[in-house]
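From first to last, the protein sequence lines are chains G and S.
Each residue of the first sequence is one higher than the one before, starting from 1 at the first, in the numbering used here.
Each residue of the second sequence is one higher than the one before, starting from 1001 at the first, in the numbering used here.
What follows is a single structure, written as structure tokens, with notes after it.
2 protein chains.
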Amino acid sequence: MDRIPILQMGRNLLVTIQVDMQDQTALQLQDDLSAKIEATGANGVLIDISALEIVDSFIGRMLASISGIARVLDATTVVVGMQPAVAITLVELGLSLEGVRTALNVERGMKLLSAAQQDHDVDAGA
Amino acid sequence: MDRIPILQMGRNLLVTIQVDMQDQTALQLQDDLSAKIEATGANGVLIDISALEIVDSFIGRMLASISGIARVLDATTVVVGMQPAVAITLVELGLSLEGVRTALNVERGMKLLSAAQQDHDVDAGA
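If you want it as structure tokens, here you go:
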């Protein structure tokens, strides 16, 4: 199993990361996600990492890179569900996930995304 | 990684099954899900199996069993995202997933759940 499913919920895409990501899986996810953003016109991406007990610099870079790709495709990315121990380790390692927005859980992440979408619609004059 | 994360979205719980389930993982999921239904008062459970390329009789029974447990806890379960090839194989094997409601994708599953919740609220006189 080397493909992480991407679920569409309204204007948002939801990805739940459950497995320890290998390079290949991470690249596949980037490809799949950018294709899905283009195909669906989604402008929010929610990545749940509550199952991850370790987030190393590889995963950190991957999250930053997905967030950057989504941004140029006009979508906001929010990473949710980080375990407290993971947050502690990240900061101790000096990885601050710059450019990546976070929220405590899916519900708060969704709120953040819909607020971002309202701003976006106002800017676009919709 | 032997725990499948359960995400809460409003009155619904969302589970994305990505790995080939072992007995232990399946039992853990049943336990976690029933605890989460009780803790959150959720009355809808959405199980996404779009990543599964094979659904054998073990997974079939597990889905039926989760659906049964959720029902006695007053929650409706909908299985979404089944791949066409999986559906063909299931029927050929004589596994009809009795008692399990299905929908094409997460969005349709959510609609089904909110319809069930409206009926539920009317029945409860809410």
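We put the beta carbon where it would ideally sit given N, CA and C, even for glycine.
Everything numeric in this text was worked out from a predicted model, so none of it was measured.
| query | result |
| --- | --- |
| Under 8 Å between C-beta atoms of residue 3 of chain G and residue 1051 of chain S | yes |
| Residues near residue 69 of chain G in its chain [Cβ-Cβ closer than 7 Å; skip 5 each side] | 30, 34 |
| Inter-residue CB distance, residue 102 of chain G and residue 78 of chain G (contact presumed, cutoff 8 Å) | 7 Å |
| Where residue 26 of chain G falls, given that 16 or more other Cβ within 10 Å makes a residue buried | buried |
| Residue 3 of chain G (DSSP reduced to helix, strand or coil) | coil |
| Residue closest to residue 1016 of chain S, alpha-carbon to alpha-carbon, out of S/1067, S/1042, S/1081 | S/1081 |
| Run of the beta strand (DSSP E) containing residue 1014 of chain S, from where it starts to where it stops | 1012-1016 |
| Nearest-angstrom Cα separation, counted from residue 76 of chain G out to residue 113 of chain G | 7 Å |
| Candidates G/119, G/98, G/48, of which the one nearest residue 57 of chain G by Cα | G/98 |
| Under the three-state DSSP convention, the category residue 1078 of chain S falls into | strand |
| Environment of residue 124 of chain G [buried if 16+ CB atoms lie within 10 Å] | exposed |
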